[in-house]
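Numbering (my numbering), first residue to last: 2 to 199. The structure appears below as structure tokens.
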Amino acid sequence: WMIVNQNGVAVTQKTDTRLCLIRPTIDFDRQYLELKYPYRNTFRVPLNMDENGVIKNTIMCQSKVCGDRIDGIDCGDSVAEWLSDALCTDGLRLIRQSMEDERISPVRKNDSLSSATSISLSNQSQYLLVNRKSVNWLMERMMNEDYILQTDDSLDSMVDRFRGNLIVDTQSVLEERQWTTLAIGSRTFTMEGPCFRC
């Protein structure tokens, strides 16, 4: 899912920090996406799809994510009104990625481009791993080159700027660039390559 403005452009936390207050939960047993926002009634969006993969009583639409055109399903006027009221912004819509739409991100492996797995509506990858040791190394290089850091630029604030999903602290700088997988509990993540944005 993604929220778009009245022009069909994705709304992100870069442009509206209040998005972080929306708490989405998927209830597979009851088949709905539940949206919570402080001091608002909870809103439920049905997950039910018809035989064509379309939510009943909705319309198809197009938008762009990182320059890629995506096909989406408008989740309706009721949730659009709830989002617009919660975020105090007229014209917002909730778009669900169409099941037929598949974004594939090219990632750099061994200095060549190769196709990766589906990335849905994320920028480049489903997850972004950030190594605190590497960020600290970057900060030291910036200071050595007379880059003026703000007085409150702590390691924690610099790590936060990368907006990683997985934060690690290794023994060596850039150690994560050599990894091919990362195991957390019973889950194994494949390392697709460095983030172009970072």
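The beta-carbon is built from N, C-alpha and C at its ideal position, and this holds for glycine as well.
Asked: Bridge-paired residues (DSSP) for Glu35; Found: Thr26 and Arg45
Asked: Test item: CB-CB of Val46 and Cys21 under 8 Å; Found: no
Asked: Assigned exposure category for Ala184 - 16 Cβ within 10 Å defines buried; Found: exposed
Asked: Cutoff 6 Å; reference Ile27; Cβ partners in own chain excluding five residues on either side; Found: Leu34
Asked: Whole-Å CB distance - Leu130 paired with Glu177, under 8 Å assumed; Found: 6 Å
Asked: Terminal residues of the alpha helix (DSSP H) in which Arg162 lies; Found: Leu156 to Arg162
Asked: Range of the contiguous beta strand (DSSP E) that encloses Ala184; Found: Thr182 to Ile185
Asked: Through-space distance from Gln98 to Met3, alpha-carbon basis; Found: 8 Å
Asked: Backbone CA spacing between Tyr128 and Asn42 [nearest angstrom]; Found: 30 Å
Asked: Own chain partners of Phe44 with C-beta closer than 7 Å, once the 5 adjacent residues on each side are dropped; Found: Leu36, Val80 and Trp83
Asked: Start and end residues, alpha helix (DSSP H) containing Val5; Found: Counting along the chain, Val5 falls outside any alpha helix (DSSP H), though it belongs to the beta strand (DSSP E) covering Met3 to Val5.
Asked: Buried/exposed call for Ile156, threshold 16 Cβ in 10 Å; Found: Residue 156 is actually Leu in this sequence, not Ile. It is exposed - the Cβ of Leu156 has fewer than 16 other Cβ atoms within 10 Å.
Asked: Closest by C-alpha distance to Ile23, when choosing among Ala87, Gln7, Gln32 and Val10; Found: Ala87
Asked: Under the three-state DSSP convention, the category Leu88 falls into; Found: helix
Asked: Beta carbon of Val5 nearer than 8 Å to that of Ile96; Found: yes
Asked: Cβ neighbour criterion (16 or more within 10 Å) applied to Ser135; Found: buried
Asked: C-beta contact flag for Met159 and Met140 at 8 Å; Found: yes
Asked: C-beta atoms of Arg142 and Asp170 nearer than 8 Å; Found: no
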